[in-house]
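Novice: Have a look at the structure that comes next, please.
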Amino acid sequence: MFSSSVNPPEGRRDVDEHPADSPRAQEEAAGMSGFLDGKVVAITGAGGGIGRAVALAAAAEGARVVVADIGVGLAGEDPKSEVAEALVAEIEAGGGEAVAVGESVTTLAGGERIVAAGVERWGSIDGVVAIAGILRERMLFNMSEDEWDAVVETHLKGHFTVFRAASAVMRKQAGGGSLVAFTSGAFAGSVAQANYAAAKGGIVSLVRSAAAGLHRYGVTANAVAPVARTRMSANVPMDLAEMGDPEDVAPLVVYLLSDRARHVTGQVYTAVGPKIAVWNQPREVRAVYADGRWTPEAIAERLDSTVGQERMPLLDQLEAYRKAAEEKAAAAGSA
Ligand SMILES: NC(=O)c1ccc[n+]([C@@H]2O[C@H](COP(=O)([O-])OP(=O)(O)OC[C@H]3O[C@@H](n4cnc5c(N)ncnc54)[C@H](O)[C@@H]3O)[C@@H](O)[C@H]2O)c1
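Structure representation (structure tokens):
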């Protein structure tokens, strides 16, 4: 059971137009109110996978939802407007309110139209969740310029476009707002995904910059690094140690959008199955000083024994995968 402490900003239309027999009207009659009642939330990539689960959960908690999706394939091909429209119909059939926007997140004009759809229809934009994403995997030495640009534009620029448009509105609102980004554990490094990993790392830095710059305006910015069964994770060539469903990720996003999370900003949370984990903030861990200016020779003599390195956990993981694959192949050969 949730109780809402949401006070809609002045000028916001706050009329409930649900028929008395709709699920939401019944919930309200039973004294239950949603975690996001009165909030207007735009969700990119809401047509499928994790975005769809987040949009349904937000609507079920009382949010009015801008469903932004261009209905593309995994690599960003074959756009279809029906995907966003079908989800809006589903939300409305369940007694919720939603509007479809078939705009790509890759241009600032597109980001502005996504945000404007919420503002024009319901008078504000209280949350933006940037989930839209594509994959174009290739080893760095073979990656084309187009593969790089398409992935960085969809993920990193696709966060900038909606965050920029929304924060311009949120900074003037009494209630501020929430920006929720979607990064990935790949931001710490990934083998055949230099474009994706770089974009996801950029998103983490964007979130920290937004959190720092917008704190005084009551606008929070956080990132979620999910793992969930979708067409995107079906592509991962190895077995993931932890796995869950999109519906396991949605409650954390709903929380981050709510008034209960107004104090949470600048964070990166992993969400997978029943687990939520927080990532550390990057900082210097050790330092060594020269007497005067360093020379390459002095660095070669002293670096290993002083500051040394911070070993990449991914290198050890890859080594373990390689060994396991070799052992499996050897066992199959001797069988
Ligand atoms: N599934 C996982 O395990 C996992 C792991 C780490 C990170 N993520 C991240 O979570 C997010 C969602 O992933 P998913 O697995 O649900 O993927 P998905 O492929 O199922 O869904 C992505 C959605 O984004 C939409 N989209 C793509 N390009 C768009 C554009 N330019 N404009 C608007 N919409 C666009 C697609 O049409 C699709 O509906 C992505 O950012 C992904 O990188 C997912």
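For what it's worth, this note's numbering labels the leading residue of the sequence shown as 2, then goes sequentially.
Glycine included, each C-beta is placed from N, C-alpha and C at the ideal position.
1) Can you say whether Pro247 is buried or exposed, counting buried as having 16 or more other CB atoms within 10 angstroms of its CB?
2) Is Asp70 near ligand 1, going by C-beta to nearest heavy atom under 7 Å?
3) Excluding the 5 residues flanking Ala151 on each side, which residues of the same chain have their C-beta closer than 7 Å to its C-beta?
4) Quick one, which of Arg53, Gly46, Thr45, Met140 has its alpha-carbon nearest Pro252's?
5) To the nearest whole angstrom, what separates the beta carbons of Ala189 and Val208, a pair I think is in contact under 8 Å?
6) List the endpoints of the continuous alpha helix (DSSP H) containing Ser259.
7) Looking at ligand 1, does it come within less than 7 Å of Gly77, judged from the CB to the closest heavy atom?
8) Under 7 Å Cβ to Cβ from Val255, same chain only, skipping five residues before and after it: list those, please.
9) Given that a residue counts as buried once 16 or more other Cβ atoms are within 10 Å of its Cβ, and exposed if not, what is Ser105?
10) Please indicate yes or no: does the CB of Asn236 lie closer than 7 Å to some heavy atom of ligand 2?
11) Below 8 Å CB to CB, which residues in the same chain sit around Gly32 once its five sequence neighbours on both sides are set aside?
12) Please work out which residues of its chain come closer than 8 Å, Cβ to Cβ, to Gly334, disregarding the five sequence neighbours upstream and downstream, and give them in chain order.
13) Indicate whether Val68 and Leu88 have their beta-carbon atoms separated by less than 8 Å.
14) To the nearest angstrom, report how far apart Val181 and Leu157 are at their CA atoms.
15) Given this structure, state the Cα-to-Cα distance separating Ala235 from Pro297, to the nearest angstrom.
16) Going by the CB atoms, is the gap between Ser179 and Leu257 shorter than 8 Å?
17) I want to check one thing, is the minimum distance from the CB of Gly49 to the heavy atoms of ligand 1 below 7 Å?
18) Mind reading off the beta-carbon distance from Ile204 to Thr184? Whole number of angstroms is fine, and I expect it under 8 Å.
19) Kindly provide the ranges of any beta strand (DSSP E) runs that are 3 or more residues long and lie completely inside the segment 87-160, ordered along the chain.
20) Bridge partners for Gly178 per DSSP, in chain order?
21) Apart from the five residues on each side of it in sequence, which residues of its chain come closer than 8 Å, Cβ to Cβ, to Val265?
22) For Val250, which residues in the same chain have their Cβ closer than 6 Å to its Cβ, ignoring the five residues on either side in sequence?
23) Is Thr231 close to ligand 1? I mean its beta-carbon at under 7 Å from any heavy atom of the ligand.
24) Are Ala166 and Val116 closer than 8 Å when you measure CB to CB?
25) Tell me whether the beta-carbon of Val55 lies closer than 8 Å to the beta-carbon of Asp127.
26) Which of the three DSSP states, helix, strand or coil, is assigned to Arg65?
27) State buried or exposed for Thr107, treating a residue as buried only when at least 16 other CB atoms are found within 10 Å of its CB.
28) Answer yes or no: the CB of His160 versus the heavy atoms of ligand 1, is any distance below 7 Å?
29) Mapping the DSSP letters down to three states, classify Gln318 as helix, strand or coil.
Specialist: By the coordinates alone:
1) buried
2) yes
3) Gly77, Ile135, Arg137
4) Here the closest residue by C-alpha is Arg53.
5) Contact doesn't hold; Cβ gap of about 15 Å is too wide.
6) Careful: Ser259 lies outside any alpha helix (DSSP H) and carries neither H nor E.
7) yes
8) Cβ within range, chain order: Phe36, Leu37, Ala58, Ala59, Glu62.
9) buried
10) Of the ligands this structure carries, namely ligand 1, none is ligand 2.
11) Unreliable placement is indicated for Gly32, whose pLDDT of 43 sits below 50; no coordinate value is reported for it.
12) none
13) Yes, Cβ-Cβ distance for Val68 and Leu88 is below 8 Å.
14) 13 Å
15) 46 Å
16) yes
17) Between ligand 1 and Gly49, a heavy atom-to-CB distance of less than 7 Å is present.
18) 5 Å
19) 98-102, 128-131
20) Val220
21) Closer than 8 Å at Cβ, skipping near neighbours: Thr221, Asn223, Leu257.
22) Ile51, Pro227, Ala229, Ala272
23) yes
24) Taking 8 Å as the Cβ cut-off, Ala166 and Val116 qualify as a contacting pair.
25) Val55 places its beta carbon 8 Å or farther from that of Asp127.
26) When DSSP states are grouped into helix, strand and coil, Arg65 belongs to the strand group.
27) buried
28) Outside the cutoff, so no.
29) Helix at Gln318.
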